[in-house]
Structure formats: structure tokens, C-alpha cells
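Number of protein chains: 2
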Amino acid sequence: MIKKNLKSVSAFAPATCANVAVGFDILGFAIHNVGDIVTLKKRDDNQIIIVEISGESNIPLETSKNAASAVVKKLCDDLSISTGFSIYIQKGIAIGSGMGGSAASSVAALVALNAFLENPLSKNELAEYALFGEEIACGHKHADNIVPSLFGGMTLIQSSNPINVVTLPSLEIYNIVIHPHLRVNTKDARDALQNDLSLKLHVKQCANLASFISAIYKNDLELLKKSSEDYVVEPQRAKLIPNFYEVKQSAMDSGAISVSFSGSGPSLFAFAENEFMANKIAKNMQDKFKEYGIESDFWISNFKAQGAYIKEIIEG
Amino acid sequence: MIKKNLKSVSAFAPATCANVAVGFDILGFAIHNVGDIVTLKKRDDNQIIIVEISGESNIPLETSKNAASAVVKKLCDDLSISTGFSIYIQKGIAIGSGMGGSAASSVAALVALNAFLENPLSKNELAEYALFGEEIACGHKHADNIVPSLFGGMTLIQSSNPINVVTLPSLEIYNIVIHPHLRVNTKDARDALQNDLSLKLHVKQCANLASFISAIYKNDLELLKKSSEDYVVEPQRAKLIPNFYEVKQSAMDSGAISVSFSGSGPSLFAFAENEFMANKIAKNMQDKFKEYGIESDFWISNFKAQGAYIKEIIEG
Numbered sequence: 001m002i003k004k005n006l007k008s009v010s011a012f013a014p015a016t017c018a019n020v021a022v023g024f025d026i027l028g029f030a031i032h033n034v035g036d037i038v039t040l041k042k043r044d045d046n047q048i049i050i051v052e053i054s055g056e057s058n059i060p061l062e063t064s065k066n067a068a069s070a071v072v073k074k075l076c077d078d079l080s081i082s083t084g085f086s087i088y089i090q091k092g093i094a095i096g097s098g099m100g101g102s103a104a105s106s107v108a109a110l111v112a113l114n115a116f117l118e119n120p121l122s123k124n125e126l127a128e129y130a131l132f133g134e135e136i137a138c139g140h141k142h143a144d145n146i147v148p149s150l151f152g153g154m155t156l157i158q159s160s161n162p163i164n165v166v167t168l169p170s171l172e173i174y175n176i177v178i179h180p181h182l183r184v185n186t187k188d189a190r191d192a193l194q195n196d197l198s199l200k201l202h203v204k205q206c207a208n209l210a211s212f213i214s215a216i217y218k219n220d221l222e223l224l225k226k227s228s229e230d231y232v233v234e235p236q237r238a239k240l241i242p243n244f245y246e247v248k249q250s251a252m253d254s255g256a257i258s259v260s261f262s263g264s265g266p267s268l269f270a271f272a273e274n275e276f277m278a279n280k281i282a283k284n285m286q287d288k289f290k291e292y293g294i295e296s297d298f299w300i301s302n303f304k305a306q307g308a309y310i311k312e313i314i315e316g
Numbered sequence: 001m002i003k004k005n006l007k008s009v010s011a012f013a014p015a016t017c018a019n020v021a022v023g024f025d026i027l028g029f030a031i032h033n034v035g036d037i038v039t040l041k042k043r044d045d046n047q048i049i050i051v052e053i054s055g056e057s058n059i060p061l062e063t064s065k066n067a068a069s070a071v072v073k074k075l076c077d078d079l080s081i082s083t084g085f086s087i088y089i090q091k092g093i094a095i096g097s098g099m100g101g102s103a104a105s106s107v108a109a110l111v112a113l114n115a116f117l118e119n120p121l122s123k124n125e126l127a128e129y130a131l132f133g134e135e136i137a138c139g140h141k142h143a144d145n146i147v148p149s150l151f152g153g154m155t156l157i158q159s160s161n162p163i164n165v166v167t168l169p170s171l172e173i174y175n176i177v178i179h180p181h182l183r184v185n186t187k188d189a190r191d192a193l194q195n196d197l198s199l200k201l202h203v204k205q206c207a208n209l210a211s212f213i214s215a216i217y218k219n220d221l222e223l224l225k226k227s228s229e230d231y232v233v234e235p236q237r238a239k240l241i242p243n244f245y246e247v248k249q250s251a252m253d254s255g256a257i258s259v260s261f262s263g264s265g266p267s268l269f270a271f272a273e274n275e276f277m278a279n280k281i282a283k284n285m286q287d288k289f290k291e292y293g294i295e296s297d298f299w300i301s302n303f304k305a306q307g308a309y310i311k312e313i314i315e316g
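The listed protein sequences derive, respectively, from chains A and B.
Position one of the first sequence corresponds to residue 1 (full-length UniProt numbering), numbered consecutively onward.
Position one of the second sequence corresponds to residue 1 (full-length UniProt numbering), numbered consecutively onward.
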């Protein structure tokens, strides 16, 4: 049932960095103050229509092809809600940047819709719906952007069917996400990965992942640095980002704790001990991209970024 | 250089449970009050000789083939120590039980030898030497028994070359290690494993491993239980232990948090919420083995078991 006294709800969902080097498909963190805003306005008819997408072109307006409207439609159908909604999407995340743009739109739309419900869904239930949006946007039901966008901070997905999330403690350091103006298609990035890996490599990666998680609980920066090497995915995807290793090296040379792809790229993330270092590292990475003729934007954030939240409710 | 005033040193090193379900080759914990004692007595000549092995037959007495004497010989050679030693080994761990018997002997021998040194080695350095013992005993330089036997408690190996160890917080629960009177050869157990695994399985295992580590830091028993399923190794090795799944089920039915092999078996470990439950679970596992005509012994321990230590020093 829909609350009768609400006319319009706007929700914000943050951009996210998924994978985080050693946590392919399971780790992710939310980025402070960068994200999408989705507004749902009740309609008099029962249609679900995207009225406006601002901040980005090239996103389908058709309800069934757009992740945000498709998840709204699915949840309305499942709950037999006959109210229609006009959807306004304000993109703060570039498409194909590897910063969880489609996830943020789906999550913001679902959080806005949830505010209309007499019996709102849990975050886990919303995450299940957002998975459908990811399938529409990139052909794969991956939860590693959805979960940090919903929960905030750094998250670990213990299981994606059913969703079970572990929220990790906030590292007392800073992160940089830098977006070079390139595009990597999520599907191409998946295709770059071999279906199998050796047991030996699996063990090496597990050793780093387990140590990385330990380092988060202990805020142990030395261990975090030692355990940040991704043996499985990074070597296979590095070729998709021109001059990846040069930019990574420039960040490490400037004192970064760890550097790898944000999601499947082209954006990269880096960890820095403090805000001053973060700025230095980000600028050096930007300069290095520029050397190769690539423009970029970056954001600096701590690990306390809030998950999706309601920005505005208009009654009436 | 060797201390002149020491005549004899005895050291104890605990039995260990390696792998711990989701931590193949990287996780392990020490078992309280079960282990090997190795005594080194200075000789007048420069020979390194095993004088006695008690508590177990079928262990080679030849210096180069016995893990304990081989590591003593190697360290003496590397440090150009010309003093000879008589070695007395008191086995508290059955050979081929999957409880780290060879590792305990090597570790105890090295800790005893270390007490003779004017400049003793660090634990990490001792671990590097103990690896040679594992190679002699089972043809594979695996550190996952050595490390918990040296460090105590539950340990994580971030890197085995060079050795880098993370000591994990002590879970506030109990563990059971049960040894059915069967033998599984470590080499056969390794041969049972395929060299490759799918990326999909790797991700599932990583999700559980990362959650398992989180659960240890949070002492979150629900999460520990959820994340204890080993998708990679257990299914491939289960066939080596007759009625493994029946015994595991009996433990789970009695309230165990997790159950799997200790190392490559045949011993199994189980986690229990408290000591009372641990006894109940252990007895039910023992009864279940007995139903299939298999006798067994079990030990119950908390997660605070001390690593290898000096038991006795005789001066003179």
C-alpha cells in the first residue's frame, strides 16, 4: 500500500567503488557526496515514465530498458501497486566510469519508492530489487555496487543469493577515485577475465584478501599495503586502461597505500594515509593521465560516506 | 654462537589444525596441551643424532629423513655451529593424523635449538627453517601447521615467501579436534585436489573467507556459521574419509558452528559455543564414527592455546 499523503520523494544514492583490488565481486565502498538523485512524483494515471534525465546523455528513457524505472516497475508490479510515477533522474556519475552509476540510479529510485510504502522494505530486500537493475544495465546481476550504495561505508557481500551483507569498520584513512575520460564497457571487462584460475593463485589471493580484511579491522596500514595486491583480476584487465601501470606507479611513488580499478574501470581508486597525501596522490595521478593525453576528474573521501538517503519529501 | 653454560633444552610445540574450512593453506590454530616435546642435549662430538623417539613408531631415525633432526642440522650448518646434539623426540601427535605432527616436531626442535643460540632467531626466521622440515616430511613446503604451532592461537599467513603472519583475535568459543584411527597421506590428499577452479567458485569462497575473518574480529557466531562452508577443498577431499558427511552432520545436528577437516584429515575439527556443547558434539561425533566401526580420540580447547615454548633448561 502507498502512503496517501505523499506527493513526491527525492533520494540520493552515492557512487561506489567495487572490487577494491582483492575483493572481486564482494567488496565495495561508497564515495562521499558524489552520486545520483532520483525523484518520484505520484501520477494520476498508473504509468511509470521517465520524464527527465539530467547530467548525462546516452541513458535509455524507455521504462523497461532504464535500470531505475525498471526496478520501480518491478517492485510496483510485485506489490500490486497501481499508482503511477513520473521519474526524474539527476546523474552525478558518468556512465561507464566504473563508479556504479547504474547501481546508484536503481538504489536511489528504490529508496524513493520505499518512502511511499506503508510497509517499507528492508535494505536487503531493496538490494534484491536493485540486482534486476544491474542485469538490465550491464547484463549481470552483480551486487558489489548496489550494496555499498545502499549501506554506505565499506561493505562485504557474504552471499548475494540471498543477500547477506557485512558492514566493515571505517578505515581511518582517505580514498581517491579518479575518473579518466575513457569508457570501459562492463561486459568487455567481464569478457577479459578467464573463467578459471589455478588453485595456487586462488590461495595467494585468499591470503591477501583475508589479510586485507584483518587490516581493516585493525586499521593496520602496513598490512593493508602488503595485502592490496590483486593477483587475479588486475593483471587480466590492466590492458583495458591505457597506461594503467604508469598511473598506478605514479600513485605508489607518491605514497599511496593501494591502487587498483574502481569496479571494472576506467576509474581507479587509491588509498592515502591522510587528506594532504590524498590530494598529492590524486594530482600526480591526474598529471600522469594528462601526460598521455587523458583528462580526468577525481574525488577524495573518507570511509564514512553515508549510504542512500531521502533528500526531500513533498506532502500533499 | 652457542651458549656455553647450557647442557640440555626441552621445548614443547602444540598440535595444530590447518586450513579451518575456508582458509586452505593460510589459516590454522593451535590445540591446547597436545603436542610434541623435543629435547636437545649437547654432545662432545659434532654429530646430530636422534637418540630416541617415544610415543610413535614409523618415524625415521635417520637425521636427513626426520624433519626435526633435518631442520636442526640445517640451522647448525647455516650458522656454522660445530656443536653436536642428541635429539629426543616425545611424540604427542599421531603420524598422519592431520594435526600437524611433523610441524610440531620441527618447531619444537628449532625452539629448543634457538635457546642455545647467543643471538636467537625471530619466530619468522624459525618458521622459514621449519618449512624445510615440512618438505622432508610430506614433500611440500606448507606453513599452515608451522605458523600456529610457533605463534599459538589462530593465525593467518599473508605470505609464505617471505613469511608474514597475522595473529587473529581469540574467538570466545571452543574447538574440538577429533582423530579417527585412520590414516590419510598428505600427498594423497594433495593429489585429490584439482589444479584449477572456476572464477565463480573462487568468488564464493572469497566471500566466505572474508566473512569468516570478519566474524573472528567481531566474535559473531552467526556469521561464523554462515561463512564456514568450504566450496573448494572439502568437496574434493570428502571421499578420503569414510562417512565424513555423516559425522559432519551429526556434529551440526548437535549444534556445531562449523565442521571440516583438520589439515588434510583424517582428523576433523568442530567449533562449539561453549565447553558443555563442545563435549556433547565431540561425543556425538565419536559415537557416529563408532557406528561405522572407527575408533577415535578427541581434544577440546579454547582459542588461547600457547605457541611453542621452552619446557626445561638444564645448565652445566
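Just so you know, even glycine gets a beta-carbon here, dropped at the ideal spot from N, CA and C.
First and last residue of the uninterrupted alpha helix (DSSP H) at residue i
i, result
"His-202(A)", "199-218"
"Asn-302(A)", "No alpha helix (DSSP H) contains Asn-302(A), which is instead part of the beta strand (DSSP E) from 296-302."
"Ala-127(A)", "123-138"
"Phe-289(B)", "275-291"
"Glu-234(A)", "234-237"
"Ile-146(B)", "146-151"
"Lys-141(B)", "Note, Lys-141(B): premise wrong, no alpha helix (DSSP H); not H, not E."
"Val-247(A)", "244-253"
"Asn-114(B)", "101-116"
"Leu-223(B)", "221-226"
Proximity below 8 angstroms, CB of residue i to CB of residue j
i, j, result
"Leu-199(A)", "Leu-197(B)", "yes"
"Ile-222(B)", "Ser-10(B)", "In the sequence under discussion, the amino acid at residue 222(B) is Glu, which differs from the Ile named in the question. Not a contact, by the Cβ cut-off of 8 angstroms."
"Asn-175(A)", "Ser-301(A)", "yes"
"Ala-109(B)", "Ala-68(B)", "yes"
"Ala-189(B)", "Met-99(B)", "no"
"Met-251(B)", "Ala-238(B)", "In the sequence on display, residue 251(B) carries Ala and not Met. Their beta carbons are not under 8 angstroms apart, which means Ala-251(B) does not touch Ala-238(B) by this criterion."
"Val-177(B)", "Phe-298(B)", "yes"
"Ile-314(A)", "Lys-7(A)", "yes"
"Gln-30(B)", "Ala-278(B)", "According to the sequence provided, residue 30(B) is Ala. The question's Gln does not apply to it. No. Outside cutoff."
"Ala-18(B)", "Glu-234(B)", "no"
"Asn-119(A)", "Ile-163(A)", "no"
"Ala-137(A)", "Ser-159(B)", "no"
"Glu-185(B)", "Gly-101(B)", "The question names Glu, yet the displayed sequence has Asn at residue 185(B). Result no, Cβ atoms of Asn-185(B) and Gly-101(B) do not sit closer than 8 angstroms."
"Ile-50(A)", "Leu-61(A)", "yes"
"Leu-156(A)", "Ala-210(B)", "yes"
"Ser-214(A)", "Leu-168(B)", "yes"
"Asn-219(A)", "Glu-273(A)", "no"
"Ile-146(B)", "Glu-134(B)", "yes"
"Gln-236(A)", "Leu-193(A)", "yes"
"Ala-256(B)", "Ile-216(B)", "no"
"Val-71(A)", "Ser-106(A)", "yes"
"Thr-83(A)", "Ile-2(A)", "yes"
"residue 317(A)", "His-181(A)", "The question about residue 317(A) has no answer, for chain A in this structure spans 1 to 316."
"Val-166(B)", "Phe-24(B)", "no"
Expected contact under 8 angstroms - CB spacing of residue i and residue j to nearest Å
i, j, result
"Ala-104(A)", "Gly-55(A)", "Not quite, the Cβ-Cβ distance comes to about 12 angstroms (not below 8 angstroms), so this is no contact."
"Ala-127(A)", "His-179(A)", "With 8 angstroms as the limit, Ala-127(A) and His-179(A) do not qualify as a contact, their Cβ atoms being about 25 angstroms apart."
"His-202(A)", "His-202(B)", "5 angstroms"
"Phe-244(B)", "Ser-228(B)", "Phe-244(B) to Ser-228(B), Cβ: 15 angstroms. No contact."
Host beta strand (DSSP E) of residue i (start-end)
i, result
"Asp-36(A)", "27-43"
"Met-154(B)", "154-160"
"Ile-48(B)", "48-54"
"Glu-312(A)", "309-315"
"Leu-6(A)", "6-18"
"Leu-75(B)", "Element bounds for Leu-75(B): not the beta strand (DSSP E) but the alpha helix (DSSP H), 67-78."
"His-179(A)", "174-180"
"Asp-58(B)", "The sequence shown places Asn at residue 58(B), rather than the Asp named in the question. Where Asn-58(B) is concerned, there is no enclosing beta strand (DSSP E), given that its DSSP letter is neither H nor E."
"Val-166(B)", "163-167"
Heavy atom of the ligand GTP within 7 angstroms of residue i beta-carbon
i, result
"Gln-90(B)", "Absent from the structure shown: the ligand GTP. Ligands present: none."
>> Which residues of the region 201-212 of chain A have a Cβ closer than 9 angstroms to any Cβ of chain B? Give them in chain order.
In response: Leu-201, His-202, Val-203, Lys-204, Gln-205, Cys-206, Ala-207, Asn-208, Leu-209, Ala-210, Ser-211, Phe-212
> Using 8 angstroms as the Cβ pair cut-off and three pairs as the minimum, do the region 88-102 of chain B and the region 30-44 of chain B touch?
Replying inline: yes
>> To be precise: take each residue of the region 182-196 of chain B, compare its Cβ to all Cβ atoms of chain A, and keep it if any distance is under 8 angstroms. Which residues remain?
In response: Leu-193, Gln-194, Asn-195, Asp-196
> the region 151-167 of chain B: which residues have C-beta closer than 7 angstroms to a C-beta of chain A, in chain order?
Replying inline: Leu-156, Ile-157, Gln-158, Ser-159, Asn-164, Val-166
> Closer than 8 angstroms, Cβ to any Cβ of chain A: which residues of the region 225-240 of chain B, in chain order?
Replying inline: Lys-226, Ser-227, Val-232
>> Closer than 9 angstroms between beta carbons: that is the criterion. Which residues of the region 10-33 of chain A meet it against chain B?
In response: Residues of the region 10-33 of chain A whose Cβ lies closer than 9 angstroms to any Cβ of chain B, in chain order: Val-22, Gly-23, Phe-24, Asp-25, Ile-26, Leu-27.
> What residues from the region 122-154 of chain A come within 8 angstroms of chain B, judged by C-beta to C-beta, listed N to C?
Replying inline: none
> What are the residues of the region 90-112 of chain B that lie near chain A, defined by any Cβ-Cβ distance shorter than 8 angstroms?
Replying inline: Only those residues of the region 90-112 of chain B whose C-beta falls short of 8 angstroms from the nearest C-beta of chain A would be listed, and there are none.
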